[in-house]
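Residue numbers for the sequence shown follow our numbering, beginning at 37 and rising by one.
For reference, the structure discussed in these notes is given below.
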Amino acid sequence: MKLDTLKYDFDTAPRPLAPVADYWAPEVIRSLRQQDWAQAEVRSRLDLEAWQALTQDLPRDPYVNRRWKRMSWLTLDERGDVLDMGPCPMAQGGAFNDAESMADRLRYYEPLTPAFMARSDVKAFVRAWSRLWQLRPYEPILMQITGVRGEGMVDPLQGQGIHADGCQALSVMVLSRDNVAGAENHLYADKGGTRPLADTTLAPGDILHLRDDRLFHSVDAITQLDEDAPFERFVIIINSRFVDEFQNRILRRHFPEALLHTPC
Numbered sequence: 037m038k039l040d041t042l043k044y045d046f047d048t049a050p051r052p053l054a055p056v057a058d059y060w061a062p063e064v065i066r067s068l069r070q071q072d073w074a075q076a077e078v079r080s081r082l083d084l085e086a087w088q089a090l091t092q093d094l095p096r097d098p099y100v101n102r103r104w105k106r107m108s109w110l111t112l113d114e115r116g117d118v119l120d121m122g123p124c125p126m127a128q129g130g131a132f133n134d135a136e137s138m139a140d141r142l143r144y145y146e147p148l149t150p151a152f153m154a155r156s157d158v159k160a161f162v163r164a165w166s167r168l169w170q171l172r173p174y175e176p177i178l179m180q181i182t183g184v185r186g187e188g189m190v191d192p193l194q195g196q197g198i199h200a201d202g203c204q205a206l207s208v209m210v211l212s213r214d215n216v217a218g219a220e221n222h223l224y225a226d227k228g229g230t231r232p233l234a235d236t237t238l239a240p241g242d243i244l245h246l247r248d249d250r251l252f253h254s255v256d257a258i259t260q261l262d263e264d265a266p267f268e269r270f271v272i273i274i275n276s277r278f279v280d281e282f283q284n285r286i287l288r289r290h291f292p293e294a295l296l297h298t299p300c
């Protein structure tokens, strides 16, 4: 797909790009620079309740049991307008994803809804996230709404364990966390988990930024607090600058003029 055929933001008027500190606190920027990860809150920046409503009509993940998911490929143009790049499958090579149901496969999902992408707080979030990571125009951004619900116990990573996602810029924001025990996030300096860096449990509206090409991460299993009621946990995952050669090959095939990361 050529860049001039991308679907443009509804508001096509030029806009100045606000400084990154207008959205992210200085300590967030400083922590990400110094230790390769940072935690922040965005519930004060967006309508969290409206975003949570999106989890009600998510399609089931056709590749992973007990998971629901939508995803879209986005980018920004020179003016900072958010563009929908169109369809492209998600692809993770086995070097980055150990799960048999996902590794080295092309996975196709329904896109984020037009109503969601038209929201001003969604556009502001994508712009601010791109500025935080200093993305250039036309770099592909993968944005997902995904999560689990049900009863008993479930592994939210579906067998991935301690892993990296195959990119440089990665953030995870918790949308909902209802009747949930567990789901603590862990960061490590090595895939074996022998050098732990941090443990944190994200509440709805919290976001964890990490340099995925330098750190590894995992999430604990989820169980019910109240055994008489179902649980659910949904997240926004947004990432860019892929170092996974498999994903980059697929991106080049679908978006031949996109700006992709080239490893040194």
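Quick reminder that beta carbons are idealized off the backbone N, C-alpha and C, glycines included.
Only a predicted model underlies this, so the values are computations on that prediction, with no experimental measurement involved.
Helix, strand or coil for residue i per DSSP?
i    : result
H199 : strand
T237 : coil
D117 : coil
P173 : coil
F152 : helix
T91  : helix
H284 : Looking at the sequence provided, one finds Asn at residue 284 rather than His. DSSP places N284 in helix when its eight states are reduced to three.
D97  : coil
H245 : strand
L206 : strand
A86  : helix
P292 : coil
Going by C-alpha distance, which of the options is nearest residue i?
i    : options                   : result
D58  : L238, L178 and A164       : A164
A217 : C124, V158, A257 and Q180 : A257
G183 : I243, L171 and I272       : I272
L112 : Q180, A234 and Q170       : Q170
R115 : A89, S212 and R172        : R172
H253 : L296, S207, N215 and L287 : S207
A219 : F270, R250 and G229       : F270
R288 : V255, D117 and P125       : P125
P123 : V255, L295, L148 and Y99  : L148
Determine the direct distance from the alpha carbon of residue j to that of residue i, and round the result to whole angstroms.
i    : j    : result
H290 : L246 : 27 angstroms
D47  : T259 : Note that D47 has pLDDT 36, beneath the 50 cutoff, so the model's placement of it is unreliable and the number below is only indicative. Distance between the alpha carbons of D47 and T259 is about 43 angstroms.
D280 : D264 : 42 angstroms
I198 : N101 : 20 angstroms
D244 : A76  : Reading off the sequence, residue 244 comes out as Leu, not Asp. If I take the Cα positions, the gap works out to 7 angstroms.
M121 : L110 : 5 angstroms
T236 : L261 : 18 angstroms
P52  : M209 : A caution first: P52 carries a pLDDT of 43, below 50, which makes its placement in the model unreliable, though a value can still be read off. Distance between the alpha carbons of P52 and M209: 26 angstroms.
R143 : E175 : 20 angstroms
E187 : E268 : 9 angstroms
D248 : D97  : 24 angstroms
R103 : R185 : 7 angstroms
R231 : C203 : 21 angstroms
Q71  : T91  : 32 angstroms
Q283 : G129 : 7 angstroms
A205 : F278 : 8 angstroms
M107 : M179 : 6 angstroms
L211 : E293 : 33 angstroms
I274 : V162 : 9 angstroms
T298 : D83  : 36 angstroms
A74  : L251 : 12 angstroms
A127 : R285 : 9 angstroms
L233 : N221 : 11 angstroms
A86  : Y224 : 33 angstroms
V158 : G229 : 34 angstroms
With respect to the alpha helix (DSSP H) encompassing residue i, which residues constitute its N-terminal and C-terminal limits?
i    : result
A164 : S156 to L168
V64  : P62 to Q71
Between which two residues does the beta strand (DSSP E) carrying residue i extend?
i    : result
S80  : Careful: S80 lies outside any beta strand (DSSP E) and carries neither H nor E.
Q128 : M126 to Q128
A217 : V216 to G218
H253 : F252 to V255
R106 : R103 to L112
L261 : Element bounds for L261: n/a, residue is neither H nor E.
Who are residue i's beta bridge partners in DSSP?
i    : result
P232 : Y224
G186 : F267
L178 : W109 and N275
L142 : A127
Determine whether the Cβ of residue i lies closer than 8 angstroms to any Cβ atom of chain C.
i    : result
P266 : This model lacks chain C altogether; it includes just one protein chain.
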